[in-house]
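One structure is given here, and the rest of the page talks about it.
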Amino acid sequence: MEAAASGAPFPVRHKKLSLDIKGNNTDIIICSYDDHFLVIATQIGSMGTIISARKEEEMFIEPTFNVNVIFGKRDEPLLGTCARQLIEHISNAGSSRPLVLSLGLKDHSVVPSEACLIILGTLKGIVSAVIENRLW
Numbered sequence: 007m008e009a010a011a012s013g014a015p016f017p018v019r020h021k022k023l024s025l026d027i028k029g030n031n032t033d034i035i036i037c038s039y040d041d042h043f044l045v046i047a048t049q050i051g052s053m054g055t056i057i058s059a060r061k062e063e064e065m066f067i068e069p070t071f072n073v074n075v076i077f078g079k080r081d082e083p084l085l086g087t088c089a090r091q092l093i094e095h096i097s098n099a100g101s102s103r104p105l106v107l108s109l110g111l112k113d114h115s116v117v118p119s120e121a122c123l124i125i126l127g128t129l130k131g132i133v134s135a136v137i138e139n140r141l142w
């Protein structure tokens, strides 16, 4: 089923990209809502693991970053690392809005040591693409 085009622009500022990362077609959508940033990166055509990341500030203390898996793989720390890198970049650019990140990545669990390197390279590619096309 195809979505009907209304002719009116989407009311949320966004960017869509499609690129090859580590031999896999990767679609990325970056949305800038009034109260959050939403980044969807998928190689499988669906949302995948959904992660929330926000900056926590206390007076007289360096900021900390809170990263939580909302849905999906809780046993994959590299996904959280990707969210943390993005929220730190958002924060360093002067924005205090939290991030919702969705990562739908192909399963690379063939050989654990090789899978880690592939996932790491994929996540670095995603972070770089999002930063290059940022909306903050």
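Just add 6 to the spot in the sequence shown (first one is 1) and you have the numbering used here. C-beta: ideal position from N, C-alpha, C; glycine also. This one's a predicted model, so the numbers in the text were calculated from it and none came from an experiment.
Next on the checklist: What does the alpha-carbon distance come out to for the pair Leu85 and Phe43?
Outcome noted: Straight-line Cα distance between these residues: approximately 17 Å.
Item to check | Sequence ranges, beta strand (DSSP E) only - wholly within the segment 37 to 112, length at least 3 | outcome: The segment 37 to 112 is shown to contain whole beta strand (DSSP E) runs of 3 or more residues at 43 to 48, 55 to 62, 70 to 77, 105 to 110, in chain order.
Next on the checklist: Assuming Lys22 is part of the beta strand (DSSP E), what are its boundary residues?
Outcome noted: From DSSP, the beta strand (DSSP E) with Lys22 extends over 19 to 27.
Item to check | contact_flag[the segment 96 to 106, the segment 31 to 48] where n(CB pairs < 8 Å) is 3 or more | outcome: By the C-beta criterion, the segment 96 to 106 is judged to be in contact with the segment 31 to 48, since at least 3 inter-stretch pairs fall below 8 Å.
Item to check | Spatial distance of Pro69 from Thr87 (CA atoms) | outcome: For the pair Pro69 and Thr87, the Cα-to-Cα distance works out to about 17 Å.
Item to check | Candidates Lys130, Ile36, Lys61, of which the one nearest Leu141 by Cα | outcome: Nearest neighbour of Leu141 by Cα position, chosen from Lys130, Ile36, Lys61, turns out to be Ile36.
Next on the checklist: Contact criterion: CB-CB distance below 8 Å. Does Thr48 meet it with respect to chain E?
Outcome noted: The chain labelled as chain E is not found in the depicted structure, where only one protein chain is given.
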